[in-house]
Amino acid sequence: MSRDQYDLIKEETKSPRPPQRRSKRTAWIVASVALLVLAAVLLPFAWRTQSYAAVNAEAQYIEVPTSLANSSLLTDQEALADLYDAVASSVVNIQVTSQVDTAALPNMPSIPGFGSPDGQAPTLQSQGSGFIYDAAGHIVTNNHVVEGAQSVLVVFHDGHWADAEVVATDPQADLAVIKVTPPEGMVWNPLEVDSQNNLRVGNTVVAIGN
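Counting from 1052, one number per residue, gives the positions in the sequence shown under the working numbering.
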């Protein structure tokens, strides 16, 4: 047998390339593509989650004032209720009768039944709040409550009442002082006024009216 014949027989009898090697290569390519697609989908979500976590972690280090950290709605409600109990007996209702200035209403039409039978100008009933200031019977209120008043009636927390007279007014500050004779049998409680002048802008202020 010649050398060429031997080489030809050897080439024909050589085993073909195993098919599983090609299958493994294809599977590796498919798996790589799948991982790339999965990373492209999950990477933005993971980055966003990490950003939220960083923001939340930073927010935890913001210092909260002690007064706010220790407060609660229940505590605030109890404090307001206690404050009302302490000052309610010093707060009064002020009922005012005043005369309507018809000269200030030149274009007011004639309305049947409007006005008094004797031809006098009609009266106006109004009311407001005030507080007992001292033991001499002085009561502080707003100027607009008693402005132009013909008569002033003060009704106290326990139902007692007394007529009052206006003794001082300050329209610019909208303050007025009226005076009554304290009714007999009534517990007279002037409101305690702080003279320290230590209030600051931003302090809580509570207005209690009747």
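Just so you know, even glycine gets a beta-carbon here, dropped at the ideal spot from N, CA and C.
Query                                                                                                                                                                                  : Result
Give every residue of the same chain whose Cβ lies closer than 6 Å to the Cβ of V1106, excluding the five residues on either side of it in the sequence, and list them in chain order. : Caution is warranted here: a pLDDT of 48 is assigned to V1106, below 50, making its placement in the model unreliable, and no coordinate value can be reported.
Can you check the stretch 1161-1219 for any alpha helix (DSSP H) of at least 4 residues that lies completely inside it and give the ranges in chain order?                             : 1194-1197
Taking only the alpha-carbon atoms, compute the straight-line gap between N1144 and D1133 and give it to the nearest angstrom.                                                         : 21 Å
For a quick check, are the C-beta atoms of V1147 and V1197 less than 8 Å apart?                                                                                                        : yes
Would you please state the rounded distance, in angstroms, between the beta carbons of E1216 and K1230? I believe it to be under 8 Å.                                                  : 6 Å
Quick one: grab the DSSP three-state call for Q1247.                                                                                                                                   : coil
Starting from L1131 and walking both ways along the alpha helix (DSSP H), at which residues does that stretch end?                                                                     : L1124 to V1138
Can you list, in chain order, the residues of its chain with a C-beta nearer than 6 Å to that of V1218? Leave out the 5 residues immediately preceding and following it.               : V1228 and K1230
Taking 8 Å as the cut-off, decide whether the C-beta atoms of D1225 and N1194 are in contact.                                                                                          : yes
Looking only at its own chain, which residues have a Cβ that is under 8 Å from the Cβ of W1212, when we skip the five neighbours before and after it?                                  : L1204, V1205, V1206 and P1234
Given a cut-off of 8 Å on the beta-carbon distance, is the pair A1172 and Q1150 in contact?                                                                                            : yes
In terms of residue numbering, what span does the beta strand (DSSP E) encompassing A1258 cover?                                                                                       : Where A1258 is concerned, there is no enclosing beta strand (DSSP E), given that its DSSP letter is neither H nor E.
Could you check if A1292 is buried or exposed, using at least 16 other CB atoms within 10 Å of its CB as the buried criterion?                                                         : With the chain running from 1052 to 1261 in the structure shown, residue 1292 is simply not present.
Based on DSSP bridge pairs, tell me the residues matched to T1148.                                                                                                                     : Q1176 and S1202
Given this structure, state the Cα-to-Cα distance separating D1214 from S1123, to the nearest angstrom.                                                                                : 43 Å
In terms of residues, what are the limits of the beta strand (DSSP E) holding L1226?                                                                                                   : L1226 to V1231
A1139 and H1208 - do their beta-carbons sit closer together than 8 Å?                                                                                                                  : yes
If the criterion is Cβ atoms closer than 8 Å, does the pair S1177 and G1260 meet it?                                                                                                   : no
Whose CA, out of Y1135, T1126 and L1250, lies closest to the CA of F1182?                                                                                                              : Y1135
Using the beta-carbon count (16 or more within 10 Å), is T1126 buried or exposed?                                                                                                      : exposed
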